[in-house]
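Each protein sequence line maps, in turn, to chains A and B.
The working numbering numbers the first residue of the first sequence as 1 and each following residue consecutively.
The working numbering numbers the first residue of the second sequence as 235 and each following residue consecutively.
Number of protein chains: 2
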Amino acid sequence: MKAPRSRGRVSTGSPPADGGDSRLQRDSYHHGNLRAALIADAIEVISERGAGGYSLAEASRRLGVAVSAPYAHFADRAELLAAVCVHALEIFRDELEPRLARSAAPADRLATTARGYVQFAASHKELFQLLFSAEFGALDKARHPEIAAAERPIEEAFLDSVKALTPTGDRVMAEAVAAAVEAIAHGHAMLLLDGRFGTGSRAAGRAATSAARATLALLDGSDRFLSPRRTRKS
Amino acid sequence: MKAPRSRGRVSTGSPPADGGDSRLQRDSYHHGNLRAALIADAIEVISERGAGGYSLAEASRRLGVAVSAPYAHFADRAELLAAVCVHALEIFRDELEPRLARSAAPADRLATTARGYVQFAASHKELFQLLFSAEFGALDKARHPEIAAAERPIEEAFLDSVKALTPTGDRVMAEAVAAAVEAIAHGHAMLLLDGRFGTGSRAAGRAATSAARATLALLDGSDRFLSPRRTRKS
DNA sequence: GTCTATATATCGATAGAC
DNA sequence: GTCTATCGATATATAGAC
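Laid out in structure tokens, this is it:
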């Protein structure tokens with residue numbers, strides 16, 4: 001009744017040659033690095049085929065372990081995906097924070113943060129798409145509070161700079177500006193990955209620069225942003 | 235693309251005699267509206283569980299038809315998903331275009347477009363998320379040129395207003411501004427759906443207003459956006 | 001911590017009747 | 001245009017050996 005599942009031919013054409021492949025030695029996964037290997041593999045696959053295209057069974061085959069092996073490290077599929085999500089957010093945070101130290105002026109810090117946000121999306125397309133895919137956004141964050149906790153540092157990278165920019169402003173205004181700047185960065189990142197800024201090697205730079213300039217333009221007219229009734233050329 | 239399809243129990247028990255679903259009678263699908271019903275159902279399900287969570291077999295069960303019935307209307311699963319994508323884009327376009335006629339001044343038109351973009355995301359959360367999910371963005375658009383064609387009107391809604399705003403400007407600058415405004419709108423829409431603007435009934439309004447104001451702020455400093463070297467207060 | 005083997009279930013797609 | 005029936009493949013998850 002059970003057919004030989006020898007070669008994993010997937011209908012939409014995934015590379016089948018993974019039955020007993022070469023690079024990864026099966027023995028390696030007996031020393032306790034299977035968990036890390038699963039996460040790394042999941043990031044790679046999900047970036048290409050989406051979270052829906054990832055399966056534990058296929059991953060086990062790729063890594064040369066039994067389909068039951070992952071269950072020694074994760075309770076179920078959802079828990080592995082949550083771990084992947086947290087791992088991606090930590091990488092994001094680690095790439096964004098060092099940039100903040102390099103810029104002194106608050107406005108420049110904010111523009112640099114926006115630029116870094118877009119550049120992370122460009123250099124880690126896979127991770128970025130993963131973090132904002134439908135499956136992760138809705139399904140996991142609700143059940144796994146550790147994901148929300150891992151997201152906070154990214155939001156605070158924006159908010160802290162805004163607070164430094166307008167120390168006198170109230171909290172509501174600061175959060176409004178921070179959200180707007182984050183939206184600018186996020187929008188540029190998404191449209192970049194969508195090809196809206198072109199496809200060449202310059203696309204990432206164009207998008208990042210546009211995000212940084214749009215941020216500065218917003219700050220430039222931030223009084224207008226916050227109080228649009230006030231006449232402009234007063 | 236094999237999906238997770240383990241979403242616990244779904245409507246496996248949904249009987250053919252249509253016990254649970256009230257609106258749609260099984261007989262209706264014998265008159266030729268199965269195609270439309272499949273698309274409507276797919277939009278509903280994909281919005282909740284992602285494209286990976288959608289299956290033809292399950293949809294057939296939900297609609298009370300045989301699993302083979304959809305193949306009379308779509309060659310395969312991918313073709314149905316492409317049709318869903320095109321349908322969503324047409325709704326998006328139809329909601330965005332009427333707004334343009336209502337605003338005369340180019341700057342206001344652009345801000346209104348950005349606002350409408352965000353409001354569409356709010357009122358049609360499902361469709362919007364669907365259009366920018368990983369599966370649709372990468373998998374379908376490449377193979378189905380009709381999707382790219384359906385996307386153009388949305389991009390042109392921004393570009394046309396920018397051109398009206400700066401009739402003297404060259405094409406490159408106009409496209410740069412249009413892309414930035416579209417990024418602002420898109421970023422606000424995404425962050426709104428992510429809960430970044432709060433979760434209450436006011437969240438959509440906040441996000442839409444922020445997008446419109448950010449757009450005006452960008453245009454306000456558009457000379458600075460396009461030529462950042464020029465001193466600001468000249 | 002990993003393996004073998006298996007239970008249970010769903011999927012996409014097709015063939016052929018009506 | 002839809003149905004019945006089915007094939008072949010894949011999935012998640014568990015039990016028990018080592």
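Note that CB positions come from ideal geometry on N, CA and C, so glycine has one too.
Residue i touches chain B at which residues, Cβ-Cβ below 9 Å?
i, result
"Phe92 (chain A)", "The premise fails here: Phe92 (chain A) is roughly 14 Å from chain B at the closest Cβ pair, so nothing lies under 9 Å."
"Glu182 (chain A)", "Gly421, Leu425 and Arg430"
Residue i and residue j look like a contact to me (Cβ under 8 Å); what is the Cβ gap, rounded to whole Å?
i, j, result
"Ala419 (chain B)", "Ala445 (chain B)", "5 Å"
"Val318 (chain B)", "Ile280 (chain B)", "7 Å"
"Leu131 (chain A)", "Leu89 (chain A)", "7 Å"
"Leu216 (chain A)", "Ala148 (chain A)", "Wrong, their Cβ atoms sit about 30 Å apart, outside the cutoff."
Just to confirm, is the Cβ distance from residue i to residue j under 8 Å?
i, j, result
"Ala442 (chain B)", "Gln363 (chain B)", "no"
"Ala398 (chain B)", "Leu460 (chain B)", "no"
"Glu155 (chain A)", "Glu182 (chain A)", "yes"
"Arg224 (chain A)", "Asp454 (chain B)", "yes"
"Ala69 (chain A)", "Ala122 (chain A)", "no"
"His54 (chain A)", "Ala42 (chain A)", "What sits at residue 54 (chain A) in the sequence shown is Tyr, not His. Yes, these two residues count as a Cβ contact at 8 Å."
"Leu191 (chain A)", "Lys125 (chain A)", "no"
"Leu56 (chain A)", "Val67 (chain A)", "yes"
"Phe74 (chain A)", "Thr113 (chain A)", "no"
"Gly195 (chain A)", "Gly421 (chain B)", "no"
Between the alpha carbons of residue i and residue j, how many angstroms are there, rounded?
i, j, result
"Leu452 (chain B)", "Asp170 (chain A)", "23 Å"
"Ala111 (chain A)", "Val162 (chain A)", "11 Å"
"Ala413 (chain B)", "Arg343 (chain B)", "15 Å"
"Leu258 (chain B)", "Ala376 (chain B)", "Low confidence applies to Leu258 (chain B): its pLDDT is 47, below 50, so where it sits in the model is not reliable, and the reading given next is rough at best. Using only the alpha carbons, I get a separation of about 34 Å."
"Phe370 (chain B)", "Ala285 (chain B)", "8 Å"
"Leu314 (chain B)", "Met407 (chain B)", "38 Å"
"Arg327 (chain B)", "Ala36 (chain A)", "44 Å"
"Ala335 (chain B)", "Leu96 (chain A)", "42 Å"
"Ala59 (chain A)", "Leu127 (chain A)", "18 Å"
"Phe197 (chain A)", "Ala214 (chain A)", "15 Å"
"Ser201 (chain A)", "Ala316 (chain B)", "29 Å"
"Ala423 (chain B)", "Thr168 (chain A)", "29 Å"
"Leu272 (chain B)", "Gly116 (chain A)", "42 Å"
"Ala145 (chain A)", "Thr400 (chain B)", "The displayed chain sequence assigns Pro, not Ala, to residue 145 (chain A). One C-alpha to the other measures close to 47 Å."
"Asp21 (chain A)", "Leu63 (chain A)", "Its pLDDT being 41, under 50, Asp21 (chain A) is placed unreliably by the model, and nothing is read from it."
"Ala40 (chain A)", "Asp76 (chain A)", "17 Å"
"Arg61 (chain A)", "Ala78 (chain A)", "19 Å"
"Ala104 (chain A)", "Asp160 (chain A)", "13 Å"
"Ile91 (chain A)", "Glu278 (chain B)", "34 Å"
"Arg440 (chain B)", "Pro332 (chain B)", "22 Å"
"Glu282 (chain B)", "Ser367 (chain B)", "12 Å"
"Gly266 (chain B)", "Tyr305 (chain B)", "13 Å"
"Arg386 (chain B)", "Thr199 (chain A)", "17 Å"
Which chain A residues sit within Cβ distance under 9 Å of residue i?
i, result
"Ala413 (chain B)", "His188, Leu191, Arg196, Phe197, Arg206, Ala207 and Ser210"
Please list, in chain order, the chain A residues whose beta carbon lies closer than 7 Å to that of residue i.
i, result
"Leu315 (chain B)", "Within chain A, no residue comes near Leu315 (chain B); the closest Cβ sits about 11 Å away, beyond 7 Å."
"Gly455 (chain B)", "Ala217, Asp220 and Gly221"
Name the chain B residues that come within less than 7 Å of residue i, Cβ to Cβ?
i, result
"Ala176 (chain A)", "Ser444"
Examine the ligand ZN and report whether any of its heavy atoms sits within less than 7 Å of the Cβ of residue i.
i, result
"His321 (chain B)", "Only the bare structure without any ligand can be found here, which leaves the ligand ZN out of the picture."
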